[in-house]
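Structure first, commentary second.
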Amino acid sequence: MNRVLPVVRLRVPTDEDAVAWHRVFDDPDVMEFQGGRSAGLSVYEELTARQRRHDAERGFCLWTVLDESDRVIGFTGAQPWERDWGPTGEIEIGWRLGREHWGRGYVTAAARMTLDRVREAGVPAVVAMVDARNARSIAVTRRLGMRLAEVFTTPESRREGHCYRLDLHEGDAA
């Protein structure tokens, strides 16, 4: 089914977006696959500051996602996978959306914009690290054309995870 995706806008996160992310993500359903509980405001303040640095240095980051009314509804984007396990050093795409905005195509629309932007920045391939129980995110990876490359056990939670991959230059010569 090819439904029309909503209009979204991406922007480099502002200081104010830390507060908005904190508010939008303060929901056990949203945080289910990120440890299960809400993070403090200082976590989002540090995260938005780091994303501004990533954008300035790399040309991409986790961008704030705005809906048709310019409301902050979440984030999507890309950043280096910096843990010492998994696809260390590769570029991971990811997303998180406020619960009230699920199921409307916002993540797919924003993630497609992310793929275009990281491709333009010269990134040859991306990964998406997804908890194996997260059916919604797995569905997004499929809509993006990503393929399951590896199944692993996360060191922190000891849960099964999936690493999806996408070559961003596949078919460019066609």
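Count along the sequence shown from 1, then add 1458; that gives the number in this note's numbering. A virtual CB, placed ideally from N, CA and C, is assigned to each residue, including glycine.
- In this structure, Met1587 lies away from Glu1548, with their beta-carbon atoms at least 7 angstroms apart.
- With at least 16 other beta carbons inside 10 angstroms of its own, Trp1521 counts as buried.
- If you ignore the 5 residues before and after Glu1608, its C-beta comes within less than 7 angstroms of the C-beta of Cys1621, all in its own chain and listed in chain order.
- Closest in alpha carbon position to Glu1614, among Gly1494, Leu1468, Phe1518 and Ala1476, is Gly1494.
- Within the same chain, Cβ atoms closer than 7 angstroms to the Cβ of Arg1601 are found at Thr1566, the five residues on either side in sequence being excluded.
- With at least 16 other beta carbons inside 10 angstroms of its own, Pro1545 counts as buried.
- Straight across, the Cα-Cα distance linking Met1571 with Leu1524 is about 13 angstroms.
- In this structure Thr1472 is exposed. Its beta-carbon is surrounded by fewer than 16 other beta-carbon atoms within 10 angstroms.
- Pro1464 and Val1470 have their C-alpha atoms roughly 20 angstroms apart.
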